[in-house]
Each structure stands twice: as C-alpha cells, then as structure tokens.
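Novice: The following block contains the structure, expressed as structure tokens.
Right, dumping it as structure tokens:
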C-alpha cells in the first residue's frame, strides 16, 4: 500500500468512527473521484450502519437527472460542472434523494490531462448538513506532479477523495 492509499484509508476510518460516534448517516455524490470515496468507505466492516451510498454523477446530464443540478448552471460557461454552485447543488440533490442521510459530501473537479489550464487540478468539495446549519464548498488545487508509478489523474483522484473525507470529518467535529 502506498502512502496516499494509507492516508485515504486512515481518513476513511476516522470518518466511520465519527459517524458512529455522532449516530449520523452520510451520502456522497462523486464526479471526479468516480466512486473512489465510496469504495474506500465500503472496505470498512459495519459502515452500512452509517454510509447510505454514493452516486457517481460523472456526466452533466446525470447530475441534472439524478440530483436536480441546474441544467442552465451546467451549460453556463461562467459556472459549469466544476464550480462551487454545482458542488453545492450536488450535495442538496443527494440529501433530497436520500431521506435517511444527515449529511452529504460532493466532489467535482478537473483532474486532467485535458483540463483547461486555469482549472487543471482544481477540485470543489461540497458538504451539506440536512439540518441546514451548514453548506460549505471548498476550492482546492491538487498536485501538479505524481510520484513514480502513478498517473497524474489517478493520483489526483486519491487527493480529491482525501479532501472530501477531511471535509466530512471537519463537519462532524
């Protein structure tokens, strides 16, 4: 197991413990991470008590159909799929579709290699609590280079997965 894989597994375990401690349930919607966060969480025995599931909404039409993300926002070149607006709407849509969930997390980003230069490596992570007390979106930039043995795109997926789980952990604190 590589260092970044260990980091992801560790923060996933911390999230599982925090969800259990708080008695809360999490739902995710993943775009750029492509289900990696859900895959990591479901490796933890007993997580089904606290993890509702994850929608991998990679295409714009899927975001709109499954999560009711605004088609006009998705089509607007000043907003688009990789934006704070869409990350927030993804969380809200996941909560609307998953009544048992207490909080939602989302990832959307440009991980390359064909991303527009100004957005290359940009990830938006959204967190929303059902109670409505908190909706946060963070813009983060992931690595410009990957370690030996990794493609840059896949390494960035791991970084983005860690970022959303860290944001969930912070929301549970």
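In this note's numbering, the protein residues as written are 1084 to 1256. A virtual CB, placed ideally from N, CA and C, is assigned to each residue, including glycine.
#1: Which of the three DSSP states is assigned to residue 1194 in this structure?
#2: Here's the rule I'm using: 16 or more other beta-carbon atoms within 10 Å means buried, otherwise exposed. How should residue 1114 be labelled?
#3: Using the DSSP secondary-structure output, state which residues sit across from residue 1120 in a beta bridge.
#4: Can you name the residues that DSSP bridges to residue 1221?
#5: With DSSP run on the structure shown, which of helix, strand or coil describes residue 1112?
#6: Name the DSSP beta bridge partners of residue 1138, please?
#7: Would you kindly work out how many angstroms separate the C-alpha atoms of residue 1237 and residue 1225, rounded to a whole number?
#8: Go ahead and pull the three-state DSSP assignment for residue 1229.
#9: Cβ of residue 1149 within 8 Å of Cβ of residue 1164?
#10: Report the partner residues of residue 1188 according to the DSSP bridge assignment.
#11: Nearest to residue 1246 by CA position, among 1208, 1228, 1145 and 1109, is which residue?
#12: Whose C-beta lies closer than 7 Å to the C-beta of residue 1090 among residues of the same chain, with five residues either side of it excluded?
#13: Are three or more beta carbon pairs between the stretch 1149-1161 and the stretch 1120-1136 nearer than 8 Å?
#14: Starting from residue 1173, trace the alpha helix (DSSP H) in both directions and tell me its first and last residue.
#15: Using only CA atoms, which one of 1172, 1166, 1122 and 1161 lies nearest to residue 1211?
#16: Go ahead and label residue 1239 buried or exposed: buried means 16 or more other beta carbons lie within 10 angstroms of its beta carbon, across all protein chains shown.
#17: Out of curiosity, what's the CA-to-CA distance linking residue 1118 and residue 1203?
#18: Can you have a look at residue 1242 and say buried or exposed, based on whether 16 or more other CB atoms are within 10 angstroms of its CB?
Specialist: In this structure, then:
#1: As a working mapping, residue 1194 is identified with position 111 in the chain shown. Looking at residue 1194 - three-state DSSP - the assignment turns out to be coil, as it is neither helix nor strand.
#2: Here residue 1114 refers to the residue found at position 31 when the chain shown is read from its first residue. Label assigned to residue 1114: buried.
#3: For the purposes of this step, residue 1120 is identified with residue 37 of the chain shown, where counting begins at 1. None; residue 1120 has no bridge partner.
#4: As a working note, residue 1221 is residue 138 in the chain shown. Bridge partners of residue 1221: 1208.
#5: Here residue 1112 is taken as the residue at index 29 of the chain shown, counted from 1. It is a strand residue.
#6: Residue numbering aside, residue 1138 sits at position 55 when the chain shown is read from its first letter. Per DSSP, 1112.
#7: In the chain shown, counting from the first residue as 1, residue 1237 sits at position 154. In the chain shown, counting from the first residue as 1, residue 1225 sits at position 142. In a straight line, the C-alpha of residue 1237 is about 11 Å away from that of residue 1225.
#8: For the purposes of this step, residue 1229 is identified with residue 146 of the chain shown, where counting begins at 1. In the structure shown, residue 1229 falls within a coil segment according to DSSP collapsed to helix, strand and coil.
#9: Here residue 1149 is taken as the residue at index 66 of the chain shown, counted from 1. Here residue 1164 is taken as the residue at index 81 of the chain shown, counted from 1. Cβ atoms of residue 1149 and residue 1164: not closer than 8 Å.
#10: Along the chain shown, one-based indexing puts residue 1188 at 105. In the DSSP output, where bridge partners are listed per residue, residue 1188 has 1111 and 1210.
#11: Position 163 of the chain shown holds residue 1246. Of 1208, 1228, 1145 and 1109, the smallest CA-CA separation from residue 1246 is found for 1208.
#12: Against the chain shown, residue 1090 aligns to sequence position 7. Answer for residue 1090: 1245, listed in chain order.
#13: No: fewer than three Cβ pairs fall under 8 Å.
#14: Indexing the chain shown from 1 puts residue 1173 at position 90. Counting along the chain, the alpha helix (DSSP H) containing residue 1173 begins and ends at 1167-1180.
#15: Locating residue 1211 in the chain shown gives position 128, where the first residue counts as 1. Checking every option, the nearest Cα to that of residue 1211 belongs to 1172.
#16: Here residue 1239 is taken as the residue at index 156 of the chain shown, counted from 1. That one is buried.
#17: Translated into positions along the chain shown, residue 1118 becomes position 35. Translated into positions along the chain shown, residue 1203 becomes position 120. C-alpha of residue 1118 to C-alpha of residue 1203: approximately 20 Å in a straight line.
#18: Counted from its first residue, the chain shown places residue 1242 at position 159. Residue 1242 is classed as buried because its beta carbon has at least 16 other beta carbons within 10 Å across all chains shown.
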